Amino acid sequence: MAFSNFILLLASFSAVAFSQDLGSDLTLSATGSLLCNETFSDANVTSISSYSPGVPEFSSSSGFARDIHVGATVVESTDSVQWSLWYNTGGANYSNDDDLGYDVCVFVTNTPDENTYLRGQSDPGDCSSTLNAECNAALTNMANSLALGLISNATPPPNSNLTEGSLSRVCYEIGNTIQNNFPDECNVFYNGSAMVSGSPLSSYGSSVSTGDPCPIVDDSTNRTFDHILTISGSATRLNYIAFNYVVFPMMITWLPVANVLATQTITTANSVMACLRADDVQPGSDTVPAPAAPTPIGSEDDGLTGGAIAGIVVGVVAGLGIVAGAGWWFWRRSKKAKLSKLRSSGEDTPPAYDAEMKQLPTPLAGVPANAPLAELAPDEVRRHELGVDPTFELGEGRKLAQEKALNERSPVEMSAEVPAWRLR
């Protein structure tokens, strides 16, 4: 299914949830947050979670990729209540994957069941409560394996299937393949199936800005976060409660640069789960009723009795999570459209990918076949632990691209030292 058709499908699915659960007063947008140019302390409820990529970074002084920080806020005014999503790259320039040596994909798993949202109320941000360790491992291992398979299958230029604009298709293929082969370990949390959407967070030579000049500052760290999306509704008690219960399951994957002309790249992939919920109530803000305890896995109890949360609020929470996922991908689609205007036509027409779970290509050189996919391979070392610089070998496609780039470089551009393709 084409990426645009997938967006339309997700949008129509979300519209149904909106009309049935949330009413016609709610809207989602990549602009219009009440917290633009404000601070997290100006919100009613906040949450910020940090995630370590666990992969090398060429432009980092430590040699390893910097943490990414993701925040959620709820803010209420006299006229409206809003739930917003924000992110900060920790100083890494996600608009230059060639400098970083890696690319980044983000995935949303939509349509968790009601009990999964109840489980998520106590989640520390890593999906360990919303889902469980087995499900998280199944999703991250599958994403890592697919990422390495797609990147290692690159064909050499000039008609390579991995060029400057290929990352969006790589992310889409990973998400689509996970959706079509959804892990059995996760079925219990999603009524047997889930909608999995994938989109890039990194790029080359282009801004990763949403186009909405809407920063927010974390008071405690002075970090500036960029706005992703906002869901707005009328200032009702039901909307405020529901926004406090929203859990937003995501997976972030760091992978080799999806471009055979990249001058440097990592050769491993790592994924982390992220379940976001605004749960830190700021002084002077209203608290919300405690939800019911979730039903233990395998129990026949519906889990909705014995607590203050009503069934309709759980329905609202489910709908909000679906719509938040749709909003993210609408934002990414808008960014993709803007970036496409910067590229001349015909530059990005690689052959279609065929991501088949049962027939993945051999992983990239330097990644042992028996290495745990969710962490660095045993033979790769951190520079601050050992005085050995790990060398990253490239496939034939990348080697040919490197030779081509070096041969075509003018004497002014050619450095005195040929790049060593390693962390320095």
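Going letter by letter, the sequence shown gives residues -19 to -1, 1 to 405 in mature numbering (1 follows the signal peptide of the UniProt record, and there is no 0). The beta carbon of each residue, even a glycine, is placed where N, CA and C say it ideally should be. Just so it is clear, the structure is predicted and the values come from calculations on it, not from any experiment.
Practice item. Closer than 7 angstroms by C-beta to Thr268: which residues in its own chain qualify, once you throw out the five before and the five after it? Chain order, please. Key: Cβ neighbours of Thr268 beyond the five flanking positions: Val262.
Check your understanding: Using DSSP with H/G/I as helix, E/B as strand and the rest coil, what is Thr90?
Key -> strand
Check your understanding: Can you tell me whether DSSP reads Val241 as helix, strand or coil?
Key -> Val241 falls in the coil class under three-state DSSP.
Review point. For Val55, which option in Ala274, Ala273, Ala24, Thr136 has the closest C-alpha, if you only look at C-alpha atoms?
Key: Ala24
Practice item. Quick one: measure Cβ to Cβ for Gly52 and Phe88, integer angstroms, because I've assumed they're closer than 8 angstroms. Key: Between Phe88 and Gly52 the Cβ distance is about 19 angstroms, and since that is not below 8 angstroms, they are no contact.
Review point. Under three-state DSSP, which class holds Glu38?
Key: coil
Exercise for review: Could you check what DSSP says for Thr191 in three-state terms: helix, strand or coil?
Suggested key: Any reading at Thr191 must be qualified, since the residue scores a pLDDT of 46, below 50, and its modelled position is unreliable; no value is offered.
Exercise for review: Check each candidate in Asn18, Gln102, Ile197, Leu182 and name the one with the smallest Cα separation from Ile222.
Suggested key: Gln102
Review point. From which residue to which residue does the beta strand (DSSP E) around Asp104 run?
Key: Counting along the chain, Asp104 falls outside any beta strand (DSSP E), and DSSP gives it neither H nor E.
Review point. Tell me which same chain residues have a C-beta within less than 6 angstroms of the C-beta of Glu145, skipping the five on either side of it?
Key: Tyr185, Asn240, listed in sequence order.
Exercise for review: Whole angstroms is fine: what's the gap from Leu182's alpha carbon to Val85's?
Suggested key: 5 angstroms
Check your understanding: To the nearest angstrom, how far is it from the Cα of Phe163 to the Cα of Gly214?
Key -> Going by the C-alpha atoms only, they are around 33 angstroms apart.
Exercise for review: Between the Cα of Pro277 and those of Val198, Leu81, Asn96, spot the shortest distance and give me the residue it belongs to.
Suggested key: Asn96
Check your understanding: What number of angstroms, rounded off, separates the C-alpha of Ala118 from the C-alpha of Ser43?
Key -> Going by the C-alpha atoms only, they are around 27 angstroms apart.
Check your understanding: How is Gln160 classed by DSSP in three states: helix, strand or coil?
Key -> helix
Practice item. Would you kindly check if the distance between the Cβ of Ala46 and the Cβ of Asn125 is under 8 angstroms? Key: No Cβ-Cβ contact shorter than 8 angstroms links Asn125 with Ala46.
Point to revise | Per-residue DSSP class, three states only, for Val151 | key: Note: Val151 maps to helix in three-state DSSP.
Practice item. Grab me the residues of Asn168's own chain with a C-beta within less than 8 angstroms of its C-beta, minus the 5 sequence neighbours each way, in chain order. Key: Only Ser174 meet the Cβ criterion.
Review point. When we look at the beta-carbon of Arg150 and count the other beta-carbons within 10 Å, is it buried (16 or more) or exposed?
Key: Residue environment for Arg150: buried (at least 16 other C-beta atoms within 10 angstroms of its C-beta).
Point to revise | Cβ-Cβ separation, Val227 to Gly82 (assumed contact under 8 angstroms), whole Å | key: The Cβ separation is near 35 angstroms, so there is no contact.
Review point. Mapping DSSP to helix, strand and coil, what is Tyr221?
Key: helix
**Study point:** Identity of the residues DSSP links to residue 431 by a beta bridge
**Key:** What the structure shows of the chain is the stretch from -19 to 405, and residue 431 is not part of that stretch, so it cannot be assessed.
Check your understanding: How would you call Ala273, buried or exposed, if buried means at least 16 neighbouring beta carbons within 10 angstroms?
Key -> Taking a 10 Å sphere around the C-beta of Ala273, we find 16 or more other C-beta atoms and assign the residue as buried.
Review point. In this structure, what does DSSP give as the bridge partners for Pro181?
Key: Cys86
**Study point:** Straight-line gap, Ser133 to Val253 (C-alpha atoms, nearest Å)
**Key:** 21 angstroms
Exercise for review: Would you please state the rounded distance, in angstroms, between the beta carbons of Ser30 and Gly106? I believe it to be under 8 angstroms.
Suggested key: 3 angstroms
Check your understanding: If you draw a straight line from the C-alpha of Thr234 to the C-alpha of Asn172, how long is it?
Key -> 25 angstroms
Check your understanding: Can you pull the DSSP bridge partners for Asp207?
Key -> Asp207 has Tyr68 as its beta-bridge partners, per DSSP.
Review point. Is it the case that the Cβ atoms of Leu9 and Leu257 are separated by a distance below 8 angstroms?
Key: At the C-beta level, Leu9 and Leu257 stay beyond 8 angstroms of one another.
Review point. Is Asn113 helix, strand or coil when you go by DSSP?
Key: coil
Check your understanding: For the ligand MN, any of its heavy atoms closer than 7 angstroms to the Cβ of Asn18?
Key -> Annotation note on the ligand MN: not contained in the displayed structure, which lists no ligands.
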